[in-house]
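In the UniProt record's numbering, the protein residues as written are 1 to 484.
Ideal Cβ placement from N, Cα and C applies to all residues, glycine included.
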C-alpha cells in the first residue's frame, strides 16, 4: 500500500500514470485460451473449453415446452409504462393505474355512473312513474368514470410462441457464455468454468478489453458501452451454437441483455448475477471516477479496500485471497475511469427489457452494497419470463463466495423446461402488469415451474401480478443496475 501511495504522489508531480495500460501477464497455461483480434490492434483473451464428451442424441432433444409470449407495452407521454400480459383463454382486463400525481386512464366498465343527484330510469319491476332511489355519486368518482382514455405515445405488441428446452452438457448444440463486469476478468468464473466443463458443457469466457490479458488501448473511446458491446457480439457470433446460454455479472449483464434482445432465436436462456434494475445507463456527473487518472492511481488502495468491503459479505483471509488471485478488481486507473465514464446506453431502458422473451434467472447476493435488492426485484417485474433468487450468504461477488450454491442453481436453470401443455388453463385469469417508478416498492412475479423437486427447493414462486401462459404455474423465489 505504501508503494502505491508513493507511486501516486510521483504521478501527481509528473502528470503521468504509473499504471501502464497493457495486458497483464497471465499465470494460466495456454491450454484452453485463445486470443481473438476483434478489430485491428484490439485483441481479447478468450477461454474456450471444448470437453471430450460423447455425442448423445436423445429423443426429443431441443423440443421442450412451449410458452406463449403475448404482451402489449404502452408508453405514455408522462413517462409511465403499462405492460399487459395477454392470456389466450380470455380477453385482457383493462385497468387504471395511478403512480404518484400522474395517472394513466384506460377503458372502464360499460356501466355509466349517474351524475350526482340524478335519478335513474325505472326498472321493469318498478311501478309506472315511480322513480327509483339513487344515491349521489361523489364528484371525484364521477370524474374518474367520465374521464376519457388517454392515448399512449408508443405501443409495442409482442406475440410469439417460444420453445424452451432442457440444456444438458451432453447436447452438442449448447454453449455457455460467461461475461464479467468492470475491474474483473474471466478468472472470476473459475469455479463455474471448471464445474460446467466437467459436466460436458462447452464454455466460453472472454476478458473485456483492458481487463485480464486482453489488449488495453490508451483512448477512452475504446471503453464505451457500444465499443464493448461490439466486441461481445463478435465473440458471440464466433462461438455461438444453436442454443446459447448467457451468464453475466454486474456490468456484464448489460451485454447479455443486448445479445438477448438482438439475437432472440440464438439466445436460449440468460442468467443475470447482481445486474441491477432495467434502467438506461448513464455515467454519473458527481463520481470519484471523474477525477484525473493520476489521482485515482493515488487512491487505488482505498478503492480496492472499498471494493473488498462492498463486494464481499465477509472480509477475511479467504476473501482477500479470492480478490487477489482471481483478479476480481485488478485493472489500471485509466481503464477503470474510462469504463465507468463510458457506461452510456440510453436504449437500455424498461421498454427494451420488457421486449425480451428469453427466460432469465436473476441471482442476487443478500449483502450486495453495489446493487440493492429492489433493483433486481424491479427487473423481475419487467421481464416476461423472469426468475429471481436471493443467496443469503453472498454479496456482489456471490459466484466466488458461494460457488457450490451458484453452480447448482445455474445447473437447475439450464435443465429447466416448462411442462408441455396444448392449451392454457381456462381458469387462469388474464392480468395486466402496471409498472411503477424505481422509487416505488416492487413485488416479485410468478414464472414457470420446474417439474424437478430439487429445483422447487432452490427456487420458490414469486408474487408479482403477472401470468405466463405455460399450462403450469411457475416457481422461482426472489429477493436482489449499479454496474461495477
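- Message: Quick check on the DSSP output: what are the complete alpha helix (DSSP H) runs of length 4 or more inside the segment 320-397, in order along the chain?
- Response: 333-341, 350-354 and 373-382
- From residue 72 to residue 373, what distance separates their C-alpha atoms? Position 72 of the chain shown holds residue 72. Position 373 of the chain shown holds residue 373. Distance between the alpha carbons of residue 72 and residue 373: 27 Å.
- Message: Just list the residues that DSSP pairs residue 49 with in beta bridges.
- Response: Reading the chain shown from its first residue, position 49 is the one you call residue 49. Answer is 203, bridged to residue 49.
- Entirely enclosed alpha helix (DSSP H) segments - the segment 154-208, minimum 4 residues: 190-198
- Task: Starting from the Cα of residue 350, find the closest Cα among 382, 337 and 362 and give me that residue.
- Result: Numbered from 1 along the chain shown, position 350 holds the residue referred to as residue 350. Nearest C-alpha to residue 350: 382.
- Task: Would you decide whether residue 410 is buried or exposed? Buried here means 16 or more other CB atoms lie within 10 Å of its CB.
- Result: Taking the chain shown and counting its residues from 1, the one referred to as residue 410 is at position 410. Buried: at least 16 other Cβ atoms inside 10 Å.
- Query: Comparing alpha-carbon positions, which option in 332, 39, 45 and 68 lies nearest residue 33?
  - Reply: On the chain shown, position 33 is the one that residue 33 refers to. When only C-alpha atoms are compared, the closest one is 45.
- Task: May I ask you to list the residues that DSSP assigns as paired with residue 34?
- Result: As a first step, residue 34 is located in the chain shown; it is residue number 34 there, counting from the start. DSSP output for residue 34 lists 46 as bridge partner(s).
- Measuring CA to CA, which of 406, 404 and 400 is closest to residue 184? Against the chain shown, residue 184 aligns to sequence position 184. Of the listed residues, the one whose Cα sits closest to residue 184 is 400.
- Through-space distance from residue 204 to residue 49, alpha-carbon basis: Counted from its first residue, the chain shown places residue 49 at position 49. Counted from its first residue, the chain shown places residue 204 at position 204. Their backbone Cα atoms lie some 7 Å apart in a straight line.
- Item | Continuous beta strand (DSSP E) assignments of at least 3 residues falling wholly in the segment 257-333 | 267-273
- Query: If you count every other CB in all the chains shown that lies within 10 Å of the CB of residue 309, and 16 or more means buried, which is it?
  - Reply: Numbered from its first residue, the chain shown carries residue 309 at position 309. That one is exposed.
- Any beta-carbon of chain C closer than 8 Å to the one on residue 34? Looking for chain C here will not work: only one protein chain is present.
- Quick one: is residue 251 buried, meaning 16 or more other Cβ sit within 10 Å of its Cβ, or exposed? By 1-based counting over the chain shown, the position of residue 251 is 251. That one is buried.
- Task: Tell me whether residue 320 is buried or exposed, calling it buried when 16 or more other Cβ atoms sit within 10 Å of its Cβ.
- Result: As a first step, residue 320 must be located in the chain shown, where it is residue number 320. When all chains shown are included, residue 320 counts as exposed.
- Task: Please check the pair residue 217 and residue 42, which I expect to be a contact at CB under 8 Å, by giving their CB distance rounded to whole angstroms.
- Result: Working through the chain shown from its first residue, we reach residue 217 at position 217. Working through the chain shown from its first residue, we reach residue 42 at position 42. Right, the Cβ-Cβ distance comes to about 7 Å (below 8 Å), so this counts as a contact.
- Query: Which residues in the same chain have their Cβ closer than 6 Å to the Cβ of residue 235, if we skip the five residues on either side of it in sequence?
  - Reply: Reading the chain shown from its first residue, position 235 is the one you call residue 235. The residues are 206.
- Within its chain, find whatever has a CB closer than 6 Å to the CB of residue 363; leave out the 5 residues flanking it on each side and keep chain order. In the chain shown, the residue the question calls residue 363 occupies position 363. Closer than 6 Å at the Cβ level, and outside the excluded window around residue 363, lie 273 and 389.
- Where the beta strand (DSSP E) through residue 211 begins and ends: The count along the chain shown starts at 1 and reaches residue 211 at position 211. Here residue 211 belongs to no beta strand (DSSP E), and DSSP marks it neither H nor E.
- Task: Report buried or exposed for residue 226, applying the criterion of at least 16 other Cβ atoms within 10 angstroms of its Cβ.
- Result: As a working note, residue 226 is residue 226 in the chain shown. Classification for residue 226: exposed.
- Extent of the continuous alpha helix (DSSP H) to which residue 235 belongs: Position 235 of the chain shown, counted from the start, is the residue given in the question as residue 235. Unbroken alpha helix (DSSP H) run through residue 235: 225-239.
- Tell me where the beta strand (DSSP E) around residue 518 begins and ends. The chain is shown only over 1 to 484; residue 518 falls outside these bounds and no answer can be derived.
- Message: Which residues does DSSP list as the beta-bridge partners of residue 65?
- Response: Your numbering for residue 65 matches position 65 in the chain shown. Note: residue 65 sits in a beta bridge opposite 164.
- Check whether the Cβ atoms of residue 255 and residue 179 lie closer than 8 Å to each other. Position 255 of the chain shown holds residue 255. Position 179 of the chain shown holds residue 179. The answer is yes: Cβ separation under 8 Å.
- Could you check how far apart the C-beta atoms of residue 169 and residue 190 are, in whole angstroms? I think they sit under 8 Å. Start at 1 with the first residue of the chain shown, and residue 169 comes out as number 169. Start at 1 with the first residue of the chain shown, and residue 190 comes out as number 190. Between residue 190 and residue 169 the Cβ distance is about 18 Å, and since that is not below 8 Å, they are no contact.
- Query: Residues in its own chain within less than 6 Å of residue 314 by CB, not counting five upstream and five downstream?
  - Reply: In the chain shown, counting from the first residue as 1, residue 314 sits at position 314. Here the set comprises nothing.
- What does a CB cutoff of less than 7 Å around residue 348 pick up in its chain, not counting 5 residues either side in sequence? Within the chain shown, numbered from 1, the residue matching residue 348 stands at position 348. So the qualifying residues of the chain are 254, 257, 280 and 281.
- Which residue from 229, 270, 328 and 365 puts its Cα closest to that of residue 247? Locating residue 247 in the chain shown gives position 247, where the first residue counts as 1. With distances taken between Cα atoms, residue 247 lies closest to 270.
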